[in-house]
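S.K.: First residue of the sequence shown? That's 1 in full-length UniProt numbering, and the numbers climb one at a time after it. Beta carbons: idealized from backbone N, C-alpha and C, even for Gly. The following block contains the structure, expressed as structure tokens.
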Amino acid sequence: MKIAVYGATGMVGSQLVTEAAKRGHQVTAVSRTGREVAGASSNAAAQLGDAAAYRALAAENDVVIFSVPPSRTGESHQPFIDAHEAISETLVPARVFIVGGAGATEVDGVRLFNIPGFPEEYKPEARTMGEVLDLYTSASGLDWTMLAPAPVIAPGEPTGNIVLGNDSPAGDHVSTGDFAVAALDEIETPAHQHRRFTVASA
1 MKIAVYGATG
11 MVGSQLVTEA
21 AKRGHQVTAV
31 SRTGREVAGA
41 SSNAAAQLGD
51 AAAYRALAAE
61 NDVVIFSVPP
71 SRTGESHQPF
81 IDAHEAISET
91 LVPARVFIVG
101 GAGATEVDGV
111 RLFNIPGFPE
121 EYKPEARTMG
131 EVLDLYTSAS
141 GLDWTMLAPA
151 PVIAPGEPTG
161 NIVLGNDSPA
171 GDHVSTGDFA
181 VAALDEIETP
191 AHQHRRFTVA
201 SA
């Protein structure tokens, strides 16, 4: 399978590249600089909002993974939202897989960022990822899936024990290795098409 990974130099993206390559997939590592990423078969330079580059990658690959968070340095999140709106409205032959955010998951139908006590500093990103999820949920004709991590995600190897959930957190924490395993399991054997699911380390 041919897989393009946006955000391939990041904490989660690099682990996704590693896991996909380990399983024998042909991986294109996509980043703003196009720098080489261990395990990738090729590298590409592209911005999230570059529609032409996205269409080209989606034509050349079976799956396009987006592992790119919104800005965490105070800039407006609107360009990030606009980019995902364009992606959600562009029909491509590739499947689209989005790395979601834990803050936009739900407990009893209420998104975490609306629950009292949710840290204020994480609310902007959580709200943005909630908007992004809504864009894909409203999309028509696009083959997409979103995987959201547990509230705490940190670097770590696969443990061999993961728990999946639907819209609610599946647990308190997940390693990047376990997250990547769940992502590639879904990519290889789709079970959550057109919706979000969650993962945690057992």
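Starting from H84, trace the alpha helix (DSSP H) in both directions and tell me its first and last residue.
M.R.: Here the alpha helix (DSSP H) through H84 covers Q78 to E89.
S.K.: Quick check: what's the CA-CA separation for L48 versus D108?
M.R.: Rounded to whole angstroms, L48 to D108 spans 33 Å at the Cα level.
S.K.: Distance, Cα to Cα, A8 vs V132?
M.R.: Each residue's alpha carbon lies about 20 Å from the other.
S.K.: Going by beta-carbon coordinates alone, are I65 and L135 separated by less than 7 Å?
M.R.: Cβ distance not < 7 Å, so I65 and L135 don't count as in contact.
S.K.: Determine the closest residue to E60 out of V96, D82, A4 and N114, with distance taken between C-alpha atoms.
M.R.: Selected option, being the one with the closest Cα: A4.
S.K.: What separation, rounded to the nearest whole angstrom, lies between the Cα atoms of H192 and A202?
M.R.: Rounded to whole angstroms, H192 to A202 spans 20 Å at the Cα level.
S.K.: How far does the alpha helix (DSSP H) with A170 in it extend, from its first residue to its last?
M.R.: It is not in any alpha helix (DSSP H) - A170 carries neither H nor E in the DSSP assignment.
S.K.: If I'm right that H173 touches A148 with Cβ under 8 Å, what's the distance once you round it to whole angstroms?
M.R.: Not confirmed; about 13 Å, so no contact.
S.K.: Thinking just about the alpha-carbon of each residue, which of R23, D50 and A94 is nearest to the one in A58?
M.R.: Checked all of R23, D50 and A94; the closest Cα to A58 is A94.
S.K.: Less than 7 Å between the C-beta atoms of P70 and H77, yes or no?
M.R.: Contact flag set, yes.
S.K.: Please report the distance separating the alpha-carbon of A20 from that of G117.
M.R.: Between A20 and G117, the C-alpha separation is close to 37 Å.
S.K.: Hey, how far is the Cα of E106 from the Cα of L112?
M.R.: If you take the alpha carbons of E106 and L112, they lie about 6 Å apart.
S.K.: Please say whether G171 and P158 have beta carbons closer to each other than 7 Å?
M.R.: Their beta carbons are not under 7 Å apart, which means P158 does not touch G171 by this criterion.
S.K.: Which of the three DSSP states, helix, strand or coil, is assigned to E142?
M.R.: Checking the displayed sequence, the identity of residue 142 turns out to be Leu instead of Glu. It is coil, neither helix nor strand.
S.K.: If distances are taken between C-alpha atoms only, which option among T198, H194, A183 and E36 comes closest to P151?
M.R.: Closest by alpha carbon: T198.
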